[in-house]
Amino acid sequence: MASEQLSRAFAALADPTRRDMVARLAGGDATVGELADPYDVSVQAVSKHIKVLTDAGLVSQSKDAQRRPCHLEAEVFDLMTKWIERYRHQAQERYERLDAVLADMRGDERPTDHHLEQGAAS
Amino acid sequence: MTTTSSRYQVSIEADPTVPIIRMTRDFDATPAELMRAHTDPELFARWVGPNGMETEILDWDATTGGRWRYVARRDGVEFGFHGCFHEVSDESIVQTFTFDGQRGDVALQTLRFEDLGDGRTRLHAQSLVDSFEGRDQWLASGMETGVDEGYAKLDALVAELR
Chain A
1 MASEQLSRAF AALADPTRRD MVARLAGGDA TVGELADPYD VSVQAVSKHI KVLTDAGLVS
61 QSKDAQRRPC HLEAEVFDLM TKWIERYRHQ AQERYERLDA VLADMRGDER PTDHHLEQGA
121 AS
Chain B
1 MTTTSSRYQV SIEADPTVPI IRMTRDFDAT PAELMRAHTD PELFARWVGP NGMETEILDW
61 DATTGGRWRY VARRDGVEFG FHGCFHEVSD ESIVQTFTFD GQRGDVALQT LRFEDLGDGR
121 TRLHAQSLVD SFEGRDQWLA SGMETGVDEG YAKLDALVAE LR
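This is the structure in structure tokens:
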């Protein structure tokens, strides 16, 4: 599993400028120059950000010598979503076990209710 | 363990700016009951999980300055965890958490029990780890503990979300 890649992806997105660039690329491919436009930073600085995003597998650059537009790799985001969803699933299972324990605790403290619940459950 | 209704879903958020995981979940219980389920070792061992693993509490002092240690076992494989209860109050627990397999890595966990009234409580659980790498490994820990059940279903679900 690409755990290292995922770590790099999460880390790359820790930077607000890079998150913003990713948001812009979600709307369509763009060149480094186009990406640099709205920011008060040099093309070189944007290139650095793009390199981090590229190394993380979040962005690719076509080999088209002239423009070299940046392209967002949507699959990596799907992978990130999936991992978080798996973690969430585990947490949900854990808390459903806690629900059951809490229900039992109430049963212990209120024998009459417990009896009724058992009756209703069977 | 019996299946309970999934009336409440856990929500989870991985903060992009700090290595924190935040979770929120509602319960049909009072804050005191939820606190007891977190501090009574016998009750805690029954739900901390994961599914199919047996938890044995080895050390447990759920008071401010106390410590805890437990192992989760399945098929002869053991996973140990330990930490300290930094502060235990009526409505919150602040504790450290270390997986024995990664000694030196420590997470700071804050659990807050918000009274919603009518016998319901909202749990706010926050884990702060010391690096994004650590946080993301944690997020990925579902793979390591071998909790595969429902993954196929989950994949389908995620596919639907796209």
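Just so you know, the sequences run in chain order A and B.
Letter 22 of the first sequence, counting from 1, is numbered 22 in our numbering, and no numbers are missing.
Letter 102 of the second sequence, counting from 1, is numbered 102 in our numbering, and no numbers are missing.
Yeah, the Cβ is synthetic: ideal placement off N, Cα and C, and Gly gets one too.
Note that the coordinates shown come from a computational prediction; the quantities given were computed from them, not determined experimentally.
Within a Cβ cutoff of 7 angstroms, which residues of the same chain sit near Thr55(B), ignoring the five residues on either side of it in sequence?
Ala45, Val48, Tyr70 and Ala72
So, for Phe96(B): in the same chain, excluding its five sequence neighbours on each side, which residues have a beta-carbon less than 8 angstroms away from its beta-carbon?
Sequence inspection shows Thr at residue 96(B); the Phe mentioned does not correspond to that position. Apart from the 5 residues on each side of it in sequence, Thr96(B) sits with its Cβ closer than 8 angstroms to the Cβ of Gly83, Cys84, His86, Val106, Ala107, Leu108 and Gln109 in its chain, given in chain order.
Would you say Ala14(A) touches the ligand COA, meaning its beta carbon is less than 7 angstroms from a heavy atom?
The ligand COA is not among the ligands present in this structure, which contains no ligands whatsoever.
What number of angstroms, rounded off, separates the C-alpha of Arg22(B) from the C-alpha of Asp99(A)?
20 angstroms
Residue range of the alpha helix (DSSP H) that Asp20(A) falls in?
Start and end: Pro16 to Leu25.
Using DSSP with H/G/I as helix, E/B as strand and the rest coil, what is Arg69(B)?
DSSP places Arg69(B) in the strand class (E or B) of the three-state scheme.
Are Gly80(B) and Asp61(B) closer than 8 angstroms when you measure CB to CB?
no
Option nearest Leu25(A) by Cα separation, candidates Thr54(A), Ala11(A) and Ala103(A)
Thr54(A)
So Ser131(B) is in the beta strand (DSSP E); what residue range does that whole segment cover?
Taken as a continuous stretch (DSSP letters only), Ser131(B) belongs to no beta strand (DSSP E), as it is neither H nor E.
Please go through the region 61–125 of chain B and give each complete beta strand (DSSP E) segment of 3 or more residues, from N-terminal end onward.
67–74, 77–88, 92–99 and 107–117
Taking Ile20(B) and Leu128(B) to be in contact with their CB atoms under 8 angstroms, please state how far apart those CB atoms are, rounded to whole angstroms.
5 angstroms
Can you give me the C-alpha to C-alpha distance between Arg106(A) and Gln5(A), rounded to a whole angstrom?
46 angstroms
Between the alpha carbons of Arg74(B) and Val52(A), how many angstroms are there, rounded?
40 angstroms
For Pro31(B), count neighbouring C-beta atoms within 10 Å of its own C-beta (all shown protein chains included) and say buried if the count is 16 or more, exposed if not.
buried
Looking only at its own chain, which residues have a Cβ that is under 8 angstroms from the Cβ of Leu43(B), when we skip the five neighbours before and after it?
Arg36 and Ala37
Closer than 8 angstroms between beta carbons: that is the criterion. Which residues of the region 55–85 of chain B meet it against chain A?
Listed in sequence order: no entries.
Where do the ends of the beta strand (DSSP E) carrying Glu13(B) lie?
Residue range Ser11 to Ala14 is occupied by the beta strand (DSSP E) that includes Glu13(B).
Looking only at its own chain, which residues have a Cβ that is under 7 angstroms from the Cβ of Ser89(B), when we skip the five neighbours before and after it?
none
Give every residue of the same chain whose Cβ lies closer than 7 angstroms to the Cβ of Gly27(A), excluding the five residues on either side of it in the sequence, and list them in chain order.
none
Is the shortest distance between the beta-carbon of Ile12(B) and the beta-carbons of chain A less than 8 angstroms?
Answer yes: the Cβ-Cβ gap between Ile12(B) and chain A drops below 8 angstroms somewhere.
Taking the DSSP output, what are the residues bridged to Met53(B)?
Answer by DSSP bridge pairing: none, since Met53(B) is not bridged.
State the beta-bridge partners of Ser60(A) as determined by DSSP.
His71(A)
Coarse secondary structure for Thr81(A), derived from DSSP in three states:
Note: Thr81(A) maps to helix in three-state DSSP.
I need the straight-line Cα distance from Gln92(A) to Gly104(B), nearest angstrom please.
28 angstroms
Residues of chain A with CB closer than 8 angstroms to the CB of Thr17(B), please, in chain order.
Ala14 and Pro16
Measure from the alpha carbon of Phe113(B) to the alpha carbon of each residue in Val94(B), Asp130(B), Ser131(B) and Thr98(B), then state which is nearest.
Per the Cα distances, Val94(B).
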